[in-house]
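First to last, the sequence lines map onto chains V and A. Throughout, my numbering is defined as the position within the first sequence, counted from one, plus 8. Throughout, my numbering is defined as the position within the second sequence, counted from one, plus 8. These notes are about the structure you will find just below.
There are 2 protein chains.
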Amino acid sequence: MNKLTIIPLNKIEIKDNFWDRYIGLVKEVIIPYQWDILNDRLEGVETSHCIQNFRIAARREEGEFYGAVFQDSDLAKWIEAVAFSLATSPDPDLERQVDEVVDLIGDAQEEDGYLNTYFTIKEPENRFRNLMEGHELYCAGHFMEAAAAYYRATGKDKLVHIMRRFADLICDEFSLEKNSKGYPGHQEVEIGLYKLYEVTGETRYLEQAKMFLDRRGEKPNYFLEEKKQPGFKHLFDEFKNYDTAYAQSHLPVRRQETAEGHAVRAGYMYCAMADIGAAYDDAELLKACEVLWDNMVQKRMYITGSVGSSGILERFTTDYDLPNNSNYSETCASIALALFGRRMAQIKKEARYYDIVEKALYNTVLAGIALDGRSFFYVNPLEVWPDNCIPRTSKEHVKPVRQAWFGVACCPPNIARTLASLGEYIYLAQQDAIWINLFISSRVRTVIQGQEVELEIDTRFPYDGRIRVSVNSPVPVRGKLYIRIPEYVKEYTVHMDGRALDTGVGSDGYYRLDMEFASQTITLCFGLEPRIIRANPLVKEDIGKVAIMKGPLVFCMEEVDNGANLPAYYLDTASGMEEYYDEGILGGTSVIRCKGKKMKSEGWEAKELYTEKRPEFEEKLLTLVPYPYWGNRKTGEMLVWIREQL
Amino acid sequence: MNKLTIIPLNKIEIKDNFWDRYIGLVKEVIIPYQWDILNDRLEGVETSHCIQNFRIAARREEGEFYGAVFQDSDLAKWIEAVAFSLATSPDPDLERQVDEVVDLIGDAQEEDGYLNTYFTIKEPENRFRNLMEGHELYCAGHFMEAAAAYYRATGKDKLVHIMRRFADLICDEFSLEKNSKGYPGHQEVEIGLYKLYEVTGETRYLEQAKMFLDRRGEKPNYFLEEKKQPGFKHLFDEFKNYDTAYAQSHLPVRRQETAEGHAVRAGYMYCAMADIGAAYDDAELLKACEVLWDNMVQKRMYITGSVGSSGILERFTTDYDLPNNSNYSETCASIALALFGRRMAQIKKEARYYDIVEKALYNTVLAGIALDGRSFFYVNPLEVWPDNCIPRTSKEHVKPVRQAWFGVACCPPNIARTLASLGEYIYLAQQDAIWINLFISSRVRTVIQGQEVELEIDTRFPYDGRIRVSVNSPVPVRGKLYIRIPEYVKEYTVHMDGRALDTGVGSDGYYRLDMEFASQTITLCFGLEPRIIRANPLVKEDIGKVAIMKGPLVFCMEEVDNGANLPAYYLDTASGMEEYYDEGILGGTSVIRCKGKKMKSEGWEAKELYTEKRPEFEEKLLTLVPYPYWGNRKTGEMLVWIREQL
């Protein structure tokens, strides 16, 4: 199938007012910080033991395995993040660090290609016998992704060779002859196998990924059968009462129509379905992707681009069940959503997928990391009352403060690899065309009809709607430039070299320029006024409330700006909003102020809980800041959905 | 201390329009139904095995223990309910059933007095070695309560003797010499020991109960030490990460100022603190009761008189954290609240305690049982969206439909004993006076200054505010009659034999008549118009919402009367409310109708989740029925706190 291609990271250079602070963190803070953690060199954070596990598995040291069964994946994600970083910003010292750790990984690999320190050290006899919980295939997938990324960044193929050996073993172990029923309990290896196929051309990996997908949901359920085997023992207490929908094995993937179960598992699976569907031009599989995407983003997604609303099991629940102060909304699930959306845009060439990708990246993914890069949110609530987030209660998973590091360390390295690969989200290409999907100041070199063309985006988006795209092609060449017109842009202008163009947007949501690429400047001006958003009234939690957005950014109230008891504020939507850029807070950001009122609690005595008293209000100015920046100042309440003064 | 006394049940006869349907169920349905369950004679409900466990422990049959570690308590609560029922409604066949089962209990008792089928059958070597989870003392307490009640109802003391033997063993095992630190992981034996003291006069039981209370909270924490003993094994997975506040052992009880931990444990402990505090005239302990009561009812209680807002661990959280659609609010916790409130009223002689007792009984306790007596709620939400109550999610504990029987069967027998002992809640007495606390049509015989006096209450409360109290004393005698004026009664009149009296209410909240009891009729007329209630604005979940009450009854909207998406309704509090009695629904009840509007979801396309669309409304009449009756018709949504049309 003719899907759009991702332009390699080393062809893209980002220099953006909004994103630089985050991307800079990846190399300066997150990569070294996470390396220290993987090596247990940091005090006061949860012990990782990750590298040590590899040393023990490699027989370089004596000791016991420590950590989660999926601890290896932390190293894989770190390598992938480093690879993305090296692609745009070479660093011989860092590269040497990776080379050394790749050697270690090679040493930890068993003779037959098996690679997983937990099972190698602790339960060699139980390899692949607990697919439901074992995470061997999950870790394998992340290492395959890392191998592909590192090869693309550096041309070094040692990790690719290591992972080929493991992939070959997996293809044997899960071949039709040997185990024709098994598939992973946490999807990810399907993505990894696909990437390994991309860099090696080995179609066996592609076929294995497809088989894994198509086995899922077969009756009888593999995981339930596996549990009945003699000697089976659970790794997680909470899996004793296993729900087949948890890992999306309740139905064949082609027949799944609603987003169910653990949100990260779901998201990675949908990515693989899109990869495999496109690779085989499998209309049925791609149709399932569309149906699942639509269900997820039209009925089960927060305005911040997060998914998985249940605090228990980090899972999807049902249509429109979107509580704001007890949701899970894992950072990794939003990353998976962005990865899936980008694939759908590659396949369907429709801008609407990027409306969601952008929302997820600008809001939940960025909220996941502190402005100093040293602490992280797993859980991304839309409303926080710190006092209520008490251990061992229904809101204990909601943290009002980002955490330094977690025992289950999936989110921080996942954020790192996402930021390091941000370039891959901006552009897409095909032989005669280039697509601009995100408005991030950057320069890209790509090839159109055989000619190298350079494009440069210059903008202060999302704070400002003016976007300048400079085209520079030494040899003029005909082609097409597609520029995404976001769904939230109601009015815009387009100029080429100062000349106004028509502003008809295609049914695909892109503004298309059929042009000769030479030396031009295209200027877009998007209306980016703050917007008042309301949820579908079937979202019961949001009835009578509004949220404020500007471009893709959701705004929120924080206690530090507004005082306590934020739910007592009412926003006057009939008055205008004032927006200004404040250099002084949060490293410089847009701030929005609105008129409104607050229900007074001052007149209430502490002993009055329920009375016939009428509410009293006082006029207030409401101050809102971008959601990704919440929780970077004093600990306090936060609120996205604000009561509307009707 | 001179606390008010409870008038024995056999002196009270209830014949009440509102309550009879429930009380009738106890004898006709619940007692035989629960007996069948205890004997595993019912199909389609969870297996109890309770009687069978006793048979096995008694060596009458062979077999294995089955059920929860606290399964015995189901039988104890059943006996207590039967005892209360027999007190007002003798039944030789039923009494014979109890006598037989008491014989069985006696046979199941070990030589040294120990009584607990789980440990006798399964872990005889582990008696009293896991107080945190073992529930031996909890079951003992319930049997002591049952023994006292059965003795009072029938004069038969065999069960009292059985429980004395066990109590003596407990006093030995937990004496200063043998185990001076231990106390129960689930409070209840303190109440039981106190009742056993009441019927036997044995002060050793009183002293042991006091010791159990005063040991709680000592450092180091008993339960945490107990866990360190060799051979300790957990009975419950969720207790591995034990929080000492869970069973209120985080602080000495006298220093506890906020209601913490598991709500039923807390409530039973507060009852015991009141019992022991009064028995010893222990001002410090009674002060702690007042402080805990105030914290609980002024900051941590729902308008329906329910407590324990966390779905995880069924526990208290923090002040004003009262979510409506994910709360636990266990029926048993409201029963404990009523038991505690009655004790506080006995001690403090203040009507305000009964405002809460009445609220708990009329709303949450009754909501716990279906109108046919055959199904039950453990969890009592104030807002239900059936679609969202999905297994393995944050709302999985919320059931939109009452359940036939539970594996953990605490609530149904607890409701039964509460209904069967309702008479104990109506009146209180002391040597020269009688108190009327609840307005339930009934007749009571009591003794004032040595003379037998009869009082009769005749009313259609809570639907009607007229209450007639007829006094009949063959020998006129001077005394005092106290009638509670509920906090919600703003206007009322009092007549004696047709003559209007002043209506000054005392600072204790009672209307006091110093009178010669002879043959009089006192007529009260309470203003009981439906009221619009608002919560303290610190209850964030209720901001901008109102609840409707009439007398003690909370009203709610149900989908069957109003259609779906109840949170989209706005109540117009500026218009009046229409109230009428409808014979045709729910066996006859008051219905309230209010004007309002509904936010329309019809104009929204299924794919629109977040837009700039303005809300549209349509006028609606809102129909409300009493909260205790919810869920007795079609399964659907339910809502107590309704958005206010401001």
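Beta carbons: idealized from backbone N, C-alpha and C, even for Gly. Every value quoted in this text rests on a predicted model; they were computed, and no experiment measured them.
Glu51 of chain V versus Glu627 of chain V: straight-line alpha-carbon distance, rounded: 48 angstroms
Nearest residue (CA-CA) to Gly535 of chain A, options A:Gly639, A:Gly473, A:Val547, A:Gly121: A:Gly473
Residues that Leu532 of chain V contacts on chain A, provided the C-beta gap is smaller than 9 angstroms: Within chain A, no residue comes near Leu532 of chain V; the closest Cβ sits about 21 angstroms away, beyond 9 angstroms.
Closest Cα partner of Val37 of chain V within the set V:Phe348, V:Lys186, V:Tyr435, V:Ile423: V:Ile423
Whole runs of the alpha helix (DSSP H) within the segment 234–321 of chain A, excluding any shorter than 4 residues: DSSP runs (the alpha helix (DSSP H)) wholly in the segment 234–321 of chain A: 271–287, 291–307.
Cβ-based contacts, 8 angstroms cut-off: residues of the segment 604–622 of chain V near chain A: Met607, Lys608, Ser609, Trp612, Ala614, Lys615, Glu616, Leu617, Tyr618, Thr619, Glu620, Lys621, Arg622
Cα-Cα separation, Asn61 of chain A to Phe73 of chain A: Each residue's Cα considered, the two are about 6 angstroms apart.
Gly319 of chain V at chain A interface by Cβ criterion, 9 angstroms: Yes, Gly319 of chain V counts as interfacial toward chain A.
Bounding residues of the alpha helix (DSSP H) (the contiguous stretch that carries Phe62 of chain V): 58–65
Inter-residue Cα distance where the pair is Glu5 of chain A and Thr597 of chain A: Residue 5 of chain A falls outside the range modelled here, since chain A spans only 9 to 654, and no answer is possible.
Chain A within 9 angstroms of Ile669 of chain V, Cβ atoms only: Limits of chain V in this structure are 9 at one end and 654 at the other, which puts residue 669 of chain V out of reach.
The segment 495–515 of chain A: positions lying closer than 7 angstroms to chain V by Cβ: none
Own chain residues within Cβ distance below 6 angstroms of Arg486 of chain V, not counting five before or after: Glu524
Ranges of the beta strand (DSSP E) found wholly within the segment 443–483 of chain V, counting only runs of at least 3: Listed in chain order, they are 450–456, 459–467.
Three-state secondary structure assigned by DSSP to Asp380 of chain A: Three-state DSSP puts Asp380 of chain A in coil, outside helix and strand.
Start and end residues, beta strand (DSSP E) containing Glu537 of chain A: No beta strand (DSSP E) contains Glu537 of chain A, which DSSP labels as neither H nor E.
Residues that Leu532 of chain V bridges to, as DSSP identifies them: V:Ile475, V:Val502
Any chain A beta carbon closer than 9 angstroms to Ser402 of chain V: yes
Beta-bridge pairing of Tyr74 of chain V - partner residues as DSSP gives them: Tyr74 of chain V is not bridged to any residue.
Cutoff 9 angstroms: Glu549 of chain V Cβ touching any chain A Cβ: yes
Simplified DSSP assignment, three categories, for Ala359 of chain V: coil
Exposure label - Met9 of chain A; buried when at least 16 CB within 10 Å: Label assigned to Met9 of chain A: exposed.
Three-state secondary structure assigned by DSSP to Gln438 of chain A: strand
Range covered by the beta strand (DSSP E) that runs through Phe563 of chain A: 561–566
Cross-chain neighbours of Leu243 of chain V in chain A, by beta carbon under 8 angstroms: Ordered by position in chain A, no residue passes the 8 angstroms Cβ test against Leu243 of chain V, which lies about 14 angstroms from the chain.
Cβ neighbour criterion (16 or more within 10 Å) applied to Asn573 of chain A: buried
Cβ shell of Arg677 of chain A (< 7 angstroms), same chain only, five flanking positions each side left out: What is shown of chain A runs 9 to 654, which leaves residue 677 of chain A out entirely.
Neighbouring residues, chain A, relative to Asp329 of chain V (Cβ below 9 angstroms): Per Cβ cutoff of 9 angstroms: Trp393, Asp395, Asn396, Ile398, Thr401, Lys403.
Met152 of chain A: first and last residue of the uninterrupted alpha helix (DSSP H) it sits in: 144–162
Under 9 angstroms by beta carbon: chain V residues contacting Met585 of chain A: Here the premise fails: no neighbours, minimum Cβ distance about 13 angstroms.
Proximity of Leu300 of chain A and Gln264 of chain A at Cβ, strictly below 9 angstroms: Yes. Within cutoff.
Which listed residue (V:Ala274, V:Gly552, V:Arg262) has its alpha carbon closest to that of Ala253 of chain V: V:Ala274
N-terminal and C-terminal residue of the beta strand (DSSP E) that Tyr577 of chain A is part of: 577–579
Integer-rounded CB distance, given that Thr401 of chain A should sit under 8 angstroms from Ile320 of chain V: Ile320 of chain V to Thr401 of chain A, Cβ: 6 angstroms. Contact.
Span separating the alpha-carbon of Glu567 of chain V from that of Met646 of chain V: 6 angstroms
9 angstroms Cβ cutoff, Leu546 of chain V in contact with chain A: Yes, Leu546 of chain V lies at the interface with chain A (some Cβ there is under 9 angstroms from its Cβ).
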